[in-house]
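**Student:**
6 protein chains.
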Amino acid sequence: MTGADRGDQPGAASVRQRLWGAQRAAIEGALHTLDPDLAALITDVVYETVLARPGLDLKTRELLAVTALIGVGGERELKTHLRGALRCGATVGELKEVIIQAAMFVGFPKALAAMRALRGLEPPPAPDAAEVG
Amino acid sequence: MTGADRGDQPGAASVRQRLWGAQRAAIEGALHTLDPDLAALITDVVYETVLARPGLDLKTRELLAVTALIGVGGERELKTHLRGALRCGATVGELKEVIIQAAMFVGFPKALAAMRALRGLEPPPAPDAAEVG
Amino acid sequence: MTGADRGDQPGAASVRQRLWGAQRAAIEGALHTLDPDLAALITDVVYETVLARPGLDLKTRELLAVTALIGVGGERELKTHLRGALRCGATVGELKEVIIQAAMFVGFPKALAAMRALRGLEPPPAPDAAEVG
Amino acid sequence: MTGADRGDQPGAASVRQRLWGAQRAAIEGALHTLDPDLAALITDVVYETVLARPGLDLKTRELLAVTALIGVGGERELKTHLRGALRCGATVGELKEVIIQAAMFVGFPKALAAMRALRGLEPPPAPDAAEVG
Amino acid sequence: MTGADRGDQPGAASVRQRLWGAQRAAIEGALHTLDPDLAALITDVVYETVLARPGLDLKTRELLAVTALIGVGGERELKTHLRGALRCGATVGELKEVIIQAAMFVGFPKALAAMRALRGLEPPPAPDAAEVG
Amino acid sequence: MTGADRGDQPGAASVRQRLWGAQRAAIEGALHTLDPDLAALITDVVYETVLARPGLDLKTRELLAVTALIGVGGERELKTHLRGALRCGATVGELKEVIIQAAMFVGFPKALAAMRALRGLEPPPAPDAAEVG
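Protein chains in written order, with my numbering: chain P, 442 to 574; chain H, 442 to 574; chain G, 442 to 574; chain Z, 442 to 574; chain D, 442 to 574; chain E, 442 to 574.
Here's what the structure looks like:
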């Protein structure tokens with residue numbers, strides 16, 4: 442039922458691979474260092490069970506994740522999924538549209554903060570727990 | 442700059458027409474009755490300026506709106522955009538996926554409430570302000 | 442330091458009297474029935490200590506309370522302070538402006554819900570815990 | 442790693458049994474009817490993986506769940522976990538304390554709404570999706 | 442209908458001029474650099490359409506904005522409107538009252554964070570996107 | 442009715458003493474410097490009235506406070522109550538469980554942020570307003 446049941450097969454790892462790219466091993470290590478049990482839940486449930494479900498393509502899923510995170514607040518997690526969306530083929534222009542639209546539903550202050558996060562995206566540094574979420 | 446500048450042309454009304462269908466006139470009447478100034482802002486800014494922007498297709502925009510509203514709470518507005526998404530070609534299965542994924546980012550209670558809203562969608566009644574948002 | 446220290450003098454009761462009017466005794470009874478300890482905290486701290494502070498007039502304080510409640514959600518508490526604002530001399534037009542402005546900061550869905558609450562204000566029914574908050 | 446891996450053994454079902462009591466089968470049926478995939482996630486991840494973890498007793502876990510839900514809003518899910526807490530040995534007096542304390546951290550309006558939910562708890566009706574969350 | 446229709450006349454710019462003072466041109470430049478479309482929406486809709494509406498004086502509007510932002514979180518946007526309120530004639534004492542009252546409706550932690558923001562207000566640095574929102 | 446009525450007796454100060462330990466005087470000084478009126482409200486109402494109430498032990502109360510703060514956001518206040526929980530006898534393992542469970546109710550991003558706050562707890566520095574909340 443969960444990704445853990447499918448084991449660490451290349452097919453099962455496709456969500457993490459597509460979203461984390463070359464940094465996958467380092468990100469997983471950082472998450473495990475933060476907390477191995479929370480790491481396992483995130484890996485198995487969020488990424489390999491839910492985000493891996495068919496029915497919505499992964500790029501759309503990442504745009505939805507960005508939208509949810511604009512409402513939640515928290516720049517770190519938002520940047521993680523902004524990068525994930527770009528790795529899935531979203532353009533900066535599409536992410537800009539997601540943010541402008543979010544202003545209508547959660548207000549302009551949260552949209553402004555998100556736009557600053559988008560413009561402040563650098564190439565990812567040495568992976569630490571900041572890369573995950 | 443805004444939809445108001447484009448006037449009430451069929452092209453400019455395409456977002457409201459696509460999302461509200463045959464109920465468009467009645468919905469706009471109900472919104473105007475609720476408050477003419479808030480109605481004008483919503484019509485001009487939310488629908489005809491922002492949701493009408495190119496760069497993201499309208500079906501994706503409605504899935505993003507649903508996601509934002511799952512986080513915000515409030516069943517009425519969520520149902521409006523669930524219906525809008527269906528009118529744009531989203532399937533109930535895709536909306537189910539949007540909701541399941543939202544549980545990862547805003548928690549299971551809000552996702553449960555959204556799933557009840559999705560399953561409780563009836564054909565829209567006599568349009569009132571409930572249709573808009 | 443708190444309203445309780447000032448006792449139940451007419452001066453000290455002025456905030457509750459101004460906001461609850463002729464329903465004051467009934468509202469306090471309903472709140473006490475809901476929970477006597479929470480009732481005492483709300484009466485002493487919210488109303489007679491904080492809302493009674495000089496520095497901001499009570500009408501402004503009620504407009505601020507309405508704004509906070511638009512963000513928090515929850516129609517019942519919002520209606521209580523919409524009525525309180527009207528009893529303090531705010532007009533329906535001013536409350537309309539508070540709601541329209543709130544859309545900019547917390548999004549249009551919450552503002553729409555608040556506008557429905559404003560338009561749905563009836564004369565208060567038999568006071569119960571719904572009148573307080 | 443998840444409850445699903447442990448199968449539907451009486452030991453593994455202990456969290457759902459303790460929290461849902463005699464209504465367990467009916468509640469699970471209602472949740473499955475709402476959405477079988479969301480139901481499976483909630484059953485396996487929320488209840489049988491996370492709430493079943495050692496390290497915190499189940500009564501404390503339910504008090505924490507109640508606190509989280511006071512902040513989230515949503516009366517239905519809150520009532521579910523108020524009942525779960527009572528089934529775990531919490532007293533109405535302890536739940537009252539949880540609510541009064543919540544006022545300090547998330548404000549009095551949310552605490553008031555929660556106190557109404559607590560006082561409005563009836564014996565659970567025919568189980569439907571309202572019992573879960 | 443919107444401020445954009447009124448053009449960049451001194452009368453139409455009065456809201457931005459009153460709230461941003463001598464930094465207006467620099468702030469607008471920084472916002473435009475962040476994103477020209479979001480900048481135009483904020484300028485036209487938030488400031489020159491909604492905040493420019495009659496019915497509430499601008500000082501009251503800024504106190505309401507501060508209250509909304511205490512609930513939303515996010516120190517940057519809060520500081521922008523704390524400064525705007527001061528420029529409109531609000532006193533630090535009045536802003537203190539707004540914050541203390543907010544504790545009743547959204548909890549003490551958010552009020553504490555807002556009080557730190559108020560006490561940490563410095564004269565505005567070289568204007569960047571931080572000044573807007 | 443409130444802690445203030447009981448005066449600054451050792452018994453009445455037990456909540457602050459237990460939660461703030463040797464830093465109590467410095468913390469109270471920092472809070473007073475931030476704002477004497479907000480400080481008095483927090484001291485009298487939050488700590489010495491509500492958290493001092495019988496019915497729930499203080500360790501449980503701090504776990505509930507941590508849960509509330511995970512939902513609210515804001516790392517500073519969360520760290521204050523993580524430290525308070527540890528001073529009350531909670532273990533890092535128990536706090537980890539509180540955080541993992543919070544993911545189910547408010548989503549994984551907020552839980553991740555809280556886990557980083559827990560792992561980033563250092564011995565408290567020179568007390569300032571950061572220690573209170």
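C-beta: ideal position from N, C-alpha, C; glycine also. These numbers were taken from a predicted model, which means no experiment stands behind them.
Chain E beta carbons: is any one of them nearer than 8 angstroms to that of residue 456 of chain G?
**Tutor:** For the purposes of this step, residue 456 of chain G is identified with residue 15 of the third sequence, where counting begins at 1. Not closer than 8 angstroms to any Cβ of chain E, the Cβ of residue 456 of chain G fails to qualify, so no.
**Student:** Scan the region 526-559 of chain P for residues whose Cβ lies nearer than 9 angstroms to a Cβ of chain G and list them as they occur along the chain.
**Tutor:** 543, 544, 545, 546, 547, 548, 549, 550, 551
**Student:** If you run the structure through DSSP and keep just helix, strand and coil, what is residue 550 of chain D?
**Tutor:** Numbered from its first residue, the fifth sequence carries residue 550 of chain D at position 109. Per DSSP, reduced to three states, the secondary structure at residue 550 of chain D is helical.
**Student:** What whole-angstrom Cβ distance do residue 523 of chain P and residue 507 of chain P have, given they're in contact under 8 angstroms?
**Tutor:** Counted from its first residue, the first sequence places residue 523 of chain P at position 82. Counted from its first residue, the first sequence places residue 507 of chain P at position 66. Confirmed, about 6 angstroms.
**Student:** Count the other CB atoms within 10 Å of the CB of residue 530 of chain E; is the residue buried (16 or more) or exposed (fewer)?
**Tutor:** Residue numbering aside, residue 530 of chain E sits at position 89 when the sixth sequence is read from its first letter. Residue 530 of chain E comes out exposed.
**Student:** Assign residue 495 of chain E to buried or exposed, taking buried as 16 or more other Cβ atoms, counted over all protein chains shown, within 10 Å of its Cβ.
**Tutor:** Indexing the sixth sequence from 1 puts residue 495 of chain E at position 54. Flag for residue 495 of chain E reads exposed.
**Student:** Which residues in chain P sit within 9 angstroms of residue 487 of chain Z, going by Cβ to Cβ distance?
**Tutor:** Taking the first residue of the fourth sequence as 1, we reach residue 487 of chain Z at position 46. Within 9 angstroms Cβ-Cβ: nothing; residue 487 of chain Z doesn't reach chain P, min ~10 angstroms.
**Student:** Chain G beta carbons: is any one of them nearer than 8 angstroms to that of residue 491 of chain H?
**Tutor:** Within the second sequence, residue 491 of chain H is the residue found at index 50, counting from 1. No, no contact with chain G.
**Student:** Any idea what DSSP makes of residue 446 of chain E, helix, strand or coil?
**Tutor:** Taking the first residue of the sixth sequence as position 1, residue 446 of chain E is located at position 5. Below a pLDDT of 50, predicted positions are generally treated as unreliable, and residue 446 of chain E, at 42, falls in that range; the measurement from the model is reported next regardless. It is helical.
**Student:** Mind pulling the chain Z residues with CB within less than 7 angstroms of residue 512 of chain H?
**Tutor:** As a working mapping, residue 512 of chain H is identified with position 71 in the second sequence. Simply none; closest approach about 10 angstroms.
**Student:** Could you check if residue 474 of chain P is buried or exposed, using at least 16 other CB atoms within 10 Å of its CB as the buried criterion?
**Tutor:** To locate residue 474 of chain P, count along the first sequence from 1; it is residue 33. Per the 10 Å Cβ criterion, exposed.
**Student:** Specify, as a first and last residue, the run of the alpha helix (DSSP H) that residue 499 of chain Z falls within.
**Tutor:** In the fourth sequence, the residue the question calls residue 499 of chain Z occupies position 58. Looking at the DSSP string, the run of the alpha helix (DSSP H) that includes residue 499 of chain Z is 499-513.
**Student:** Going by the CB atoms, is the gap between residue 541 of chain E and residue 482 of chain P shorter than 8 angstroms?
**Tutor:** Within the first sequence, the letter at position 41 stands for residue 482 of chain P. Within the sixth sequence, the letter at position 100 stands for residue 541 of chain E. Contact flag set, yes.
**Student:** Of all Cβ atoms in chain E, is any one closer than 8 angstroms to the Cβ of residue 503 of chain P?
**Tutor:** The residue given as residue 503 of chain P occupies position 62 in the first sequence. No - not a single Cβ of chain E is within 8 angstroms of the one on residue 503 of chain P.
**Student:** Three-state secondary structure (DSSP) at residue 479 of chain P?
**Tutor:** The residue labelled residue 479 of chain P in the question sits at position 38 within the first sequence. Reduced to three states, the DSSP call for residue 479 of chain P is helix.
**Student:** In whole angstroms, what is the alpha-carbon distance linking residue 499 of chain Z and residue 543 of chain G?
**Tutor:** Position 58 of the fourth sequence, counting from 1, holds the residue named residue 499 of chain Z. Position 102 of the third sequence, counting from 1, holds the residue named residue 543 of chain G. In this structure, the alpha-carbon of residue 499 of chain Z lies about 41 angstroms from that of residue 543 of chain G.
**Student:** Could you pull out every residue in the same chain whose Cβ sits closer than 8 angstroms to the Cβ of residue 559 of chain H, ignoring the five residues on either side in sequence?
**Tutor:** Taking the first residue of the second sequence as 1, we reach residue 559 of chain H at position 118. Once the five neighbours on either side are set aside, the close Cβ partners of residue 559 of chain H are 523, 533, 536, 537, 540.
**Student:** Suppose you measure from the CA of residue 567 of chain H to the CA of residue 512 of chain G; what does that come to, to the nearest Å?
**Tutor:** Counting from one through the second sequence, the residue named residue 567 of chain H turns up at place 126. Counting from one through the third sequence, the residue named residue 512 of chain G turns up at place 71. Because residue 567 of chain H carries a pLDDT of 44, less than 50, the predicted location of this residue cannot be relied on, and the following value inherits that uncertainty. Their Cα atoms are separated by approximately 29 angstroms.
**Student:** Rounded to the nearest angstrom, what separates residue 489 of chain Z and residue 519 of chain G at their Cα positions?
**Tutor:** By 1-based counting over the fourth sequence, the position of residue 489 of chain Z is 48. By 1-based counting over the third sequence, the position of residue 519 of chain G is 78. Residue 489 of chain Z and residue 519 of chain G: Cα-Cα distance of roughly 38 angstroms.
**Student:** Got a sec: is the Cβ-Cβ distance from residue 470 of chain D to anything in chain P below 8 angstroms?
**Tutor:** Along the fifth sequence, one-based indexing puts residue 470 of chain D at 29. Residue 470 of chain D does not count as touching chain P.
**Student:** Give me the Cα-Cα distance between residue 476 of chain G and residue 557 of chain E, rounded to the nearest whole angstrom.
**Tutor:** Taking the third sequence and counting its residues from 1, one reaches residue 476 of chain G at position 35. Taking the sixth sequence and counting its residues from 1, one reaches residue 557 of chain E at position 116. Rounded to whole angstroms, residue 476 of chain G to residue 557 of chain E spans 38 angstroms at the Cα level.
**Student:** Within the continuous alpha helix (DSSP H) that includes residue 526 of chain P, where are the two ends?
**Tutor:** Translated into the one-based positions of the first sequence, residue 526 of chain P becomes position 85. Note, residue 526 of chain P: alpha helix (DSSP H), 516-528.
**Student:** Going by DSSP, what residue range makes up the alpha helix (DSSP H) through residue 459 of chain D?
**Tutor:** Counting from 1 along the fifth sequence, the entry for residue 459 of chain D is found at position 18. Residue 459 of chain D -> alpha helix (DSSP H) spans 455-461.
**Student:** Under 7 angstroms between beta-carbons, which chain Z residues line up against residue 475 of chain G? List them in chain order, please.
**Tutor:** As a working note, residue 475 of chain G is residue 34 in the third sequence. Result: 556, 557, 560.
**Student:** Beta-carbon within less than 8 angstroms of residue 455 of chain G's beta-carbon, same chain only, minus the 5 sequence neighbours each way: which residues are those?
**Tutor:** Sequence index remark: in the third sequence, residue 455 of chain G carries index 14 (1-based). Same-chain partners within the cutoff: 493.
**Student:** Along chain P, which residues have their Cβ under 9 angstroms away from the Cβ of residue 563 of chain D?
**Tutor:** On the fifth sequence, position 122 is the one that residue 563 of chain D refers to. What residue 563 of chain D touches in chain P: nothing, since even the nearest Cβ is about 20 angstroms away.
**Student:** Measure from the alpha carbon of residue 479 of chain P to the alpha carbon of each residue in E:561, E:562, E:563, E:553, then state which is nearest.
**Tutor:** As a working note, residue 479 of chain P is residue 38 in the first sequence. The shortest Cα separation from residue 479 of chain P among E:561, E:562, E:563, E:553 belongs to E:553.
**Student:** Relative to the C-alpha of residue 461 of chain E, which residue among E:547, E:514, E:521 is closest?
**Tutor:** As a first step, residue 461 of chain E is located in the sixth sequence; it is residue number 20 there, counting from the start. For the residues E:547, E:514, E:521, the minimum Cα distance to residue 461 of chain E belongs to E:521.
**Student:** Please look up how many angstroms separate the CB atoms of residue 561 of chain E and residue 514 of chain P, rounded, as I've assumed it's under 8 angstroms.
**Tutor:** As a position in the sixth sequence, residue 561 of chain E is number 120, starting the count at 1. As a position in the first sequence, residue 514 of chain P is number 73, starting the count at 1. Not confirmed; about 18 angstroms, so no contact.
**Student:** Thinking C-beta only, is residue 549 of chain Z closer than 8 angstroms to residue 549 of chain D?
**Tutor:** The sequence position of residue 549 of chain D within the fifth sequence is 108, counting from 1. The sequence position of residue 549 of chain Z within the fourth sequence is 108, counting from 1. No, the Cβ-Cβ distance between residue 549 of chain D and residue 549 of chain Z is not below 8 angstroms.
**Student:** Identify whether residue 489 of chain D lies in helix, strand or coil by the three-state DSSP scheme.
**Tutor:** Working through the fifth sequence from its first residue, we reach residue 489 of chain D at position 48. Of the three classes helix, strand and coil, the one that applies to residue 489 of chain D here is helix, per DSSP.
**Student:** Taking only the alpha-carbon atoms, compute the straight-line gap between residue 472 of chain P and residue 563 of chain P and give it to the nearest angstrom.
**Tutor:** Here the question's residue 472 of chain P lines up with position 31 in the first sequence. Here the question's residue 563 of chain P lines up with position 122 in the first sequence. Each residue's alpha carbon lies about 20 angstroms from the other.
**Student:** Would you say residue 572 of chain D lies against chain H (beta-carbon separation less than 8 angstroms)?
**Tutor:** The residue labelled residue 572 of chain D in the question sits at position 131 within the fifth sequence. Reliability fails at residue 572 of chain D, whose pLDDT of 48 lies under 50, so the model's placement of it is uncertain and the value that follows must be treated cautiously. It does not: the Cβ of residue 572 of chain D has no partner Cβ on chain H nearer than 8 angstroms.
**Student:** Report buried or exposed for residue 466 of chain D, applying the criterion of at least 16 other Cβ atoms within 10 angstroms of its Cβ.
**Tutor:** Position 25 of the fifth sequence, counted from the start, is the residue given in the question as residue 466 of chain D. By the 10 Å Cβ count, residue 466 of chain D comes out exposed.
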